[in-house]
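Residue numbers (our numbering): 33 to 360.
Even glycine gets a Cβ: it sits at the ideal position worked out from N, Cα and C.
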Ligand SMILES: NC(=O)c1ccc[n+]([C@@H]2O[C@H](COP(=O)([O-])OP(=O)(O)OC[C@H]3O[C@@H](n4cnc5c(N)ncnc54)[C@H](O)[C@@H]3O)[C@@H](O)[C@H]2O)c1
């Protein structure tokens with residue numbers, strides 16, 4: 033039995049693959065549980081133990097918890113496409129909530145009482161104040177955000193009633209790549225990889241939804257955090273879990289970049305021109321979504337070191353250049 037075994041759900045996905053890589057480098061033994069519905073087998077680090085399966089499969093979970101001394105679970109697995117969540121809420125609620133509860137129940141049954149959970153800025157909906165603090169009202173605008181908020185509440189109940197310790201991270205926009213692992217969703221909906229598709233010759237232009245917002249250049253401002261900084265927060269959470277429990281932290285860089293700034297940086301780094309098509313605003317897209325991450329800095333000692341736009345875009349560009357065909 034190994035003492036430092038962590039179960040990473042969704043470890044074949046974007047953020048999970050980077051976090052697994054970091055945990056392994058710090059001497060943890062990692063078991064990745066992923067059904068590969070959006071993940072990639074080759075995104076699982078060769079030193080991790082890979083189990084293909086569902087987070088709601090109780091007999092599989094029983095075997096995993098019985099056969100390994102799992103200290104904590106880092107729970108990334110989820111359905112994540114915001115627009116699809118409104119047309120297929122059943123699937124989102126079944127996966128992100130119901131199966132998540134099966135995971136929690138198996139953890140309790142086998143005495144594993146520590147979980148780090150990936151939540152999202154989508155729990156806030158349209159903000160009244162920016163930068164957004166964790167105490168801001170939560171009014172999700174879609175089933176995805178609702179499923180995450182409901183799971184946060186379930187964690188609170190499991191903490192109060194059964195002693196489950198949880199740390200919840202509300203990520204803003206994860207971006208950037210490491211040398212080996214990167215952002216690869218299908219369909220891709222995130223701005224930076226979509227922008228890079230143009231210099232990679234995978235699309236001819238980038239759509240920009242609205243250039244008449246009340247921002248410095250008229251385009252929306254979003255808060256991008258390097259995926260390595262996000263992974264590092266998870267490491268801190270594992271180390272501090274015994275003192276901090278049922279805690280919720282925003283992970284963002286606190287400043288935010290406009291869509292045009294992201295495109296201009298991508299043009300400079302890829303040394304290409306990226307044609308833009310201006311479209312009308314999308315419903316439910318606020319002008320500015322920026323986190324206050326003061327709580328994570330103060331309590332966890334989280335110090336994002338590569339979340340400047342240059343590092344984010346450059347790391348992403350280099351990874352995508354080396355992975356034009358994805359992980360194949
Ligand atoms: N990427 C972002 O900017 C962002 C922002 C906010 C929150 N999040 C959250 O972070 C987490 C990871 O996001 P990501 O971008 O890496 O997504 P991803 O789609 O790349 O990874 C999710 C992984 O979970 C797996 N999975 C899904 N349902 C499963 C199930 N029932 N059983 C087993 N495996 C399952 C998928 O196969 C995939 O490998 C998600 O919970 C997401 O909601 C991401």
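| query | Residues in its own chain within less than 8 Å of residue 134 by CB, not counting five upstream and five downstream? | reply | The count along the chain shown starts at 1 and reaches residue 134 at position 102. So the list reads 87, 88, 89, 90, 93, once near-sequence residues are dropped.
| For residue 96, the nearest candidate out of 283, 108, 82 (CA to CA) | Mapped onto the chain shown, residue 96 falls at position 64. Of 283, 108, 82, the residue nearest in Cα terms is 82.
| In three-state terms, what does DSSP make of residue 205? | To locate residue 205, count along the chain shown from 1; it is residue 173. In this structure, residue 205 counts as strand in the three-state DSSP scheme.
| request: Would you kindly work out how many angstroms separate the C-alpha atoms of residue 313 and residue 292, rounded to a whole number? | output: Along the chain shown, one-based indexing puts residue 313 at 281. Along the chain shown, one-based indexing puts residue 292 at 260. One C-alpha to the other measures close to 15 Å.
| task | May I ask whether a heavy atom of ligand 1 can be found less than 7 Å away from the beta carbon of residue 117? | result | Your numbering for residue 117 matches position 85 in the chain shown. No, Cβ of residue 117 sits at least 7 Å from all heavy atoms of ligand 1.
| task | Please list, in chain order, all residues of the same chain as residue 408 whose beta carbon is under 6 Å from its beta carbon, the five residues on each side excluded. | result | For the chain, the structure presents residues 33 to 360; residue 408 sits outside this window and is missing.
| message | Closer than 7 Å to a non-hydrogen atom of ligand 1 - does that hold for the CB of residue 360? | response | For the purposes of this step, residue 360 is taken as the residue at position 328 of the chain shown. Result no, Cβ not under 7 Å from ligand 1.
| request: Within its chain, find whatever has a CB closer than 6 Å to the CB of residue 237; leave out the 5 residues flanking it on each side and keep chain order. | output: For the purposes of this step, residue 237 is identified with residue 205 of the chain shown, where counting begins at 1. The answer, listed in chain order, is 307, 309.
| request: For residue 143, count neighbouring Cβ atoms within 10 angstroms of its own Cβ and tell me buried if that reaches 16, exposed if not. | output: Against the chain shown, residue 143 aligns to sequence position 111. It is exposed - the Cβ of residue 143 has fewer than 16 other Cβ atoms within 10 Å.
| Under 8 Å between the Cβ atoms of residue 352 and residue 208? | Taking the chain shown and counting its residues from 1, the one referred to as residue 352 is at position 320. Taking the chain shown and counting its residues from 1, the one referred to as residue 208 is at position 176. For residue 352 and residue 208, no; Cβs fall outside 8 Å.
| How big is the Cα-Cα spacing for residue 185 and residue 303? | On the chain shown, residue 185 is found 153 positions in, with the first residue counted as 1. On the chain shown, residue 303 is found 271 positions in, with the first residue counted as 1. Cα-Cα distance, rounded: 46 Å.
| task | Leaving aside the five residues before and after residue 269 along the sequence, list all residues of the same chain whose C-beta is less than 6 Å from its C-beta, in chain order. | result | Counted from its first residue, the chain shown places residue 269 at position 237. Excluding residues within five positions, the ones whose Cβ falls inside 6 Å are 148, 199.
| So what does residue 321 bridge to, in DSSP terms? | Along the chain shown, one-based indexing puts residue 321 at 289. Its beta-bridge partners are 254.
| query | Would you say the beta carbon of residue 80 comes nearer than 7 Å to a heavy atom of ligand 1? | reply | Here residue 80 is taken as the residue at index 48 of the chain shown, counted from 1. No, Cβ of residue 80 sits at least 7 Å from all heavy atoms of ligand 1.
| Got a sec, what are the start and stop residues for the beta strand (DSSP E) residue 150 sits in? | Start at 1 with the first residue of the chain shown, and residue 150 comes out as number 118. Unbroken beta strand (DSSP E) run through residue 150: 146-152.
| task | With DSSP collapsed to three states, give me the class of residue 292. | result | To locate residue 292, count along the chain shown from 1; it is residue 260. Helix at residue 292.
| field | Assigned secondary structure, residue 129 (DSSP; H/G/I helix, E/B strand, else coil) | value | The count along the chain shown starts at 1 and reaches residue 129 at position 97. Helix, per DSSP.
| Residue nearest to residue 181 in terms of C-alpha spacing, selected from 79, 140, 141, 125 | Numbered from 1 along the chain shown, position 149 holds the residue referred to as residue 181. The shortest C-alpha separation from residue 181 is found at 125.
| said: For residue 355 and residue 251, I'd like the C-alpha separation in whole angstroms. | reply: Looking up residue 355 in the chain shown gives position 323. Looking up residue 251 in the chain shown gives position 219. So the alpha carbons of these two residues sit roughly 29 Å apart.
| task | Check whether the Cβ atoms of residue 41 and residue 61 sit closer than 8 Å, and answer yes or no. | result | In the chain shown, counting from the first residue as 1, residue 41 sits at position 9. In the chain shown, counting from the first residue as 1, residue 61 sits at position 29. Not closer than 8 Å, so no.
| field | Opening and closing residue of the beta strand (DSSP E) in which residue 104 lies | value | Against the chain shown, residue 104 aligns to sequence position 72. Segment 102-107, the beta strand (DSSP E) holding residue 104.
| field | Spatial neighbours of residue 328 in its chain, beta-carbon cut-off 7 Å, leaving aside the 5 residues before and after | value | Stepping through the chain shown from its first residue, residue 328 is reached at position 296. Here the set comprises 265, 281, 282, 283, 334.
| Can you tell me where the alpha helix (DSSP H) with residue 95 in it begins and where it stops? | Working through the chain shown from its first residue, we reach residue 95 at position 63. Taken as a continuous stretch (DSSP letters only), the alpha helix (DSSP H) holding residue 95 covers 90-99.
| Out of curiosity, what's the CA-to-CA distance linking residue 323 and residue 341? | Residue 323 sits at position 291 when you count from the first residue of the chain shown. Residue 341 sits at position 309 when you count from the first residue of the chain shown. If I take the Cα positions, the gap works out to 16 Å.
| For residue 224 and residue 348, believed in contact at Cβ under 8 Å, the rounded distance | The residue you call residue 348 lines up with position 316 of the chain shown. The residue you call residue 224 lines up with position 192 of the chain shown. Contact flag correct, Cβ pair sits at about 6 Å.
| Any idea what DSSP makes of residue 155, helix, strand or coil? | Translated into positions along the chain shown, residue 155 becomes position 123. Secondary structure of residue 155 (DSSP, three-state): helix.
| task | Report the residue from 311, 222, 279 whose alpha carbon sits nearest the alpha carbon of residue 242. | result | As a working note, residue 242 is residue 210 in the chain shown. For the residues 311, 222, 279, the minimum Cα distance to residue 242 belongs to 311.
| At what residues does the beta strand (DSSP E) containing residue 63 begin and finish? | The residue labelled residue 63 in the question sits at position 31 within the chain shown. Run containing residue 63: 61-66, per the beta strand (DSSP E) assignment.
| Paired residues, beta bridge with residue 279 - DSSP | If you number the chain shown from 1, residue 279 lands on position 247. Partner residues in the beta bridge of residue 279, as assigned by DSSP, are 199.
| message | Can you find the residues in the same chain that come closer than 6 Å, C-beta to C-beta, to residue 339, ignoring five residues on each side of it along the sequence? | response | One-based indexing of the chain shown puts residue 339 at position 307. Excluding positions up to five away in sequence, the list reads 257, 258, 261, 285.
| task | Measure the C-alpha to C-alpha separation of residue 318 and residue 69 and round it to an integer number of angstroms. | result | Sequence index remark: in the chain shown, residue 318 carries index 286 (1-based). Sequence index remark: in the chain shown, residue 69 carries index 37 (1-based). Going by the C-alpha atoms only, they are around 30 Å apart.
| Going by C-alpha distance, which of 114, 122, 299 is nearest residue 230? | Here the question's residue 230 lines up with position 198 in the chain shown. Looking from the CA of residue 230, the closest CA among 114, 122, 299 belongs to 299.
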